[in-house]
Amino acid sequence: MTRAHLAAGMLLSTLVLGTAGEAFAQTRRPSAGTRPSRPSPPFRPGSIEVDVGVLWLGGIDFGSGTAAISANGIPSADYPLFRTASQLRAGPAYEGRIGVRLTRTIGVEGAFQYARLPLETRISGDVEDAPSLTASNDLARYVVEVSGVLHLTRYRIGRNGSPFLLGGAGYVRELDESQALAETGGLYHAGGGFKYLFSERTHGLIKGLGLRADARIYFRQGGFELEDGDPLRRFVAGGASLLVAF
Amino acid sequence: MRRCRRVGGRSVAVLLACTVFAGSTPAQAYLKLGLRDSAGSVSLRWTAQPARYSVTDRGVPGVSSEQLRQAIERAFRTWEDVPTASVRFQFGGFTSAEPLDDDNTSTLGFLSRPDLERVLASTSFFVDLRTGEILESDVFFNSSVPWSVAQNGEPGRFDLESIALHEAGHFLGLSHSALGETEPRSGGGRRVLGAGAVMFPIAFASGNVEGRRLFPDDIAGVSDIYPDGGFRQETGSVQGRVTKEGDGIFGAHVVAYDPRTGDLVGNFALEETGEFIIAGLRPGTHVLRVEPLDDAEIESFFDQPSLDVDFQPTFYERLVIVPRGGGAQSIEIAVRAR
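Which chain is which? The protein sequence lines are W and G, in order. For the first sequence, this note's numbering begins at 46 and goes up steadily by one. For the second sequence, this note's numbering begins at 2 and goes up steadily by one.
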């Protein structure tokens, strides 16, 4: 890039940011020590919110097992061949959410998540001393979920932040790296976080820009499973996203 | 034991024999009996069912002919009860014929073979060489060893139903499984430490009745020969190669372990290129392990005197995902010399 091109690029950036700064310069701030009697524009009933961000998904421990045959004894017992311990490793997920305020405090959200997580099994203790190793396969995980959101508008975090609680359910579809097998299941979640608006405006399509951060606990049933009986699996998630209110 | 003769007007048939030993071989997996010629290979199977059989009218000390019939019937019923396989047997009555008579009748019964001191029982076949159809199958139980039909087993006596279940597997066309572990005996032969298949060639110790039930490896094997109940649609397979320094290893024993169920199902690399297929696996995650057939009597599995057993037991470095109704392919398990 030449110096002239670089200068032009900087100028363009400045103009765009300058416009944004002008558009969002009209943020209405409540006076100190008072509680707003009406919701600010981005929190009106009927307002729409879009979030795009990154979530860190906690891992799932699938437990350990022993590959065994029947020992030649009376009564018969297990004759172990080797041991395994399996887990779905923690990793990042990409998430998009869209929500609608039904009332000043209650909203609903729909979300889509994508993650690629390593499924690993540690193999050890072989009866014939086969070298121990960790075998793996990457899973692509797709999640669609719906959440109910309770905005705790009576509480404030800083000047423009407010906490919320959420809970809901979803559908998970996991696909191995060779796309040979898809396993599906249900997801249930509960959690809380906060939203912080760093820009608000009363006019135009975009009514606010901000950040959202939340932590959730998930319960999963189904999907790739390495223990019999489809046990309910628990994992945690936490993340941050960019918030755009319309 | 192998010879050719005419049977029932069919052009050519062959007599094969499978034997279960009272302490002699080891390893892991189901294997179908088959015949190979220049035109390809065929698996042995009954095409006409129910497979009709007779039972000899002679008992041995501790086991009457009626108790023999009942033990055989229970063993056959255990195979019939496999939900993913379609096999049926029919008792045709008692007979005074010997089990190895060439009489177009499948006969099961006691036969005194003191010369075969470590052989508990043996199954032989007459088959159509072109199609693999089993025409006749006889089973003899060596009356030179002590037998029992006691419900909970009897110390010092071999459980007749357990051995009948193994021979019934041969009767259906299954060969030996290598899913087991043994150790050498001081007086020769091998002692079984554990087995993961009824079709393992060495019996449990006398008094043990653990061999009255089928294992996942046995169920996968019989379902592969006589598929039923959505077996092909609801299970999957893994396919790949076992190599050492780039060359295939014939006879390498590959086992698939399902961590979810604990099932172990195996097979062998049956081509010189080292290719193997294990069918009848539950869809989902599996661990693959390959080992040499180094502590077995190779003749219990293959019609050749030697195999490459100079390699280290090895796990495949990837978790294998078995699809439903399909196969996981392109797997290469590279092993190293010991």
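Here a beta-carbon is modelled for each residue, glycine too, at the ideal position from N, C-alpha and C. Predicted model, so just to flag it, every value in this text is computed and none were measured.
Take Ser97 of chain G, set aside five residues on each side of it, and the residues of its chain with a beta-carbon closer than 7 angstroms to its own are Asp58, in chain order. For Arg339 of chain G, no alpha helix (DSSP H) run applies, since DSSP gives it neither H nor E. With respect to the 8 angstroms criterion, Gly190 of chain G and Glu155 of chain G are not classified as neighbours on the basis of their beta carbons. Pro125 of chain W: member of the beta strand (DSSP E) spanning 123-133, first to last residue.
The C-beta of Phe243 of chain W comes no closer than 8 angstroms to any C-beta of chain G.
In the DSSP annotation of this structure, the continuous segment of the alpha helix (DSSP H) that includes Glu162 of chain G starts and ends at 161-173. Chain W places no beta carbon closer than 8 angstroms to that of Gly275 of chain G, leaving this residue out of the contacts. Contact residues of the segment 220-240 of chain W toward chain G are Asp221, Ser223, Ala225, Leu226 (C-beta to C-beta distance below 7 angstroms). Among the residues of the segment 314-325 of chain G, those with a Cβ less than 9 angstroms away from any Cβ of chain W are Pro314, Thr315, Phe316, Tyr317, Glu318, Arg319, Leu320, Val321, Ile322, Val323, Pro324, Arg325, in the order of the chain.
Under the DSSP assignment, Ala221 of chain G falls in the alpha helix (DSSP H) whose first and last residues are 217-226. Annotated as proximal: Gln313 of chain G and Val336 of chain G, with beta-carbon spacing under 8 angstroms. When rounded, the separation of the alpha-carbon atoms in Gly247 of chain G and Gly275 of chain G is 10 angstroms. Between the C-alpha atoms of Arg201 of chain W and Tyr258 of chain G there is a straight-line separation of about 55 angstroms. In the three-state DSSP reduction, Glu137 of chain G falls in the strand class (E or B). Across the structure, Gly267 of chain W and Gly274 of chain W are spaced so that their CA atoms are roughly 10 angstroms apart. By the CB criterion at 8 angstroms, Arg149 of chain W and Thr198 of chain W fall inside the cutoff. If you draw a 10 Å sphere on the C-beta of Thr85 of chain G, you find 16 or more other C-beta atoms in it, and that means buried. Contact note: Pro84 of chain G does not reach chain W at a C-beta cutoff of 7 angstroms; the least C-beta distance is about 18 angstroms.
Legend: CB atoms of the segment 52-85 of chain G lying less than 7 angstroms from CB atoms of chain W are not found in any residue.
Interface annotation, Tyr187 of chain W: not in contact with chain G, CB-CB separation never under 8 angstroms. Chain order gives the chain G residues near Asp171 of chain W as Pro314, where near means a beta carbon separation below 7 angstroms. With a cutoff of 8 angstroms on beta-carbon distance, Thr166 of chain W and Thr111 of chain W are scored as not near each other. Against chain W, the CB of Pro185 of chain G has no partner CB under 8 angstroms away; the residue lies outside that interface. Among the residues of the segment 193-204 of chain G, those with a Cβ less than 7 angstroms away from any Cβ of chain W are Val193, Leu194, Gly195, Ala196, Gly197, in the order of the chain. For Thr79 of chain G, the enclosing alpha helix (DSSP H) begins and ends at 66-81.
Gly110 of chain W belongs to the set of residues whose beta carbon lies under 8 angstroms from a beta carbon in chain G. Under the three-state reduction of DSSP output, Gly208 of chain G falls in the coil class, being neither helix nor strand. Contact between Asp160 of chain G and Pro100 of chain G fails: their C-beta atoms lie close to 19 angstroms from each other, not under 8 angstroms.
Counting the other CB atoms within 10 Å of its CB gives Arg278 of chain W a total of 16 or more, which places it among the buried residues. When Cβ-Cβ separations below 8 angstroms define contact, Asp106 of chain W makes no contact with chain G. Nearest to Ser115 of chain W by C-alpha distance, out of G:Arg186, G:Gln71, G:Glu182, is G:Glu182.
Around the beta carbon of Asn117 of chain W, 16 or more other beta carbons lie within 10 angstroms, which makes this residue buried. Chain G has a Cβ within less than 8 angstroms of the Cβ of Ile168 of chain W. Taken through DSSP and simplified to helix, strand or coil, Glu154 of chain W comes out as strand. Judged by DSSP secondary structure, Arg218 of chain W falls within the beta strand (DSSP E) whose first and last residues are 206-221. For Arg283 of chain G, the three-state secondary structure derived from DSSP is coil.
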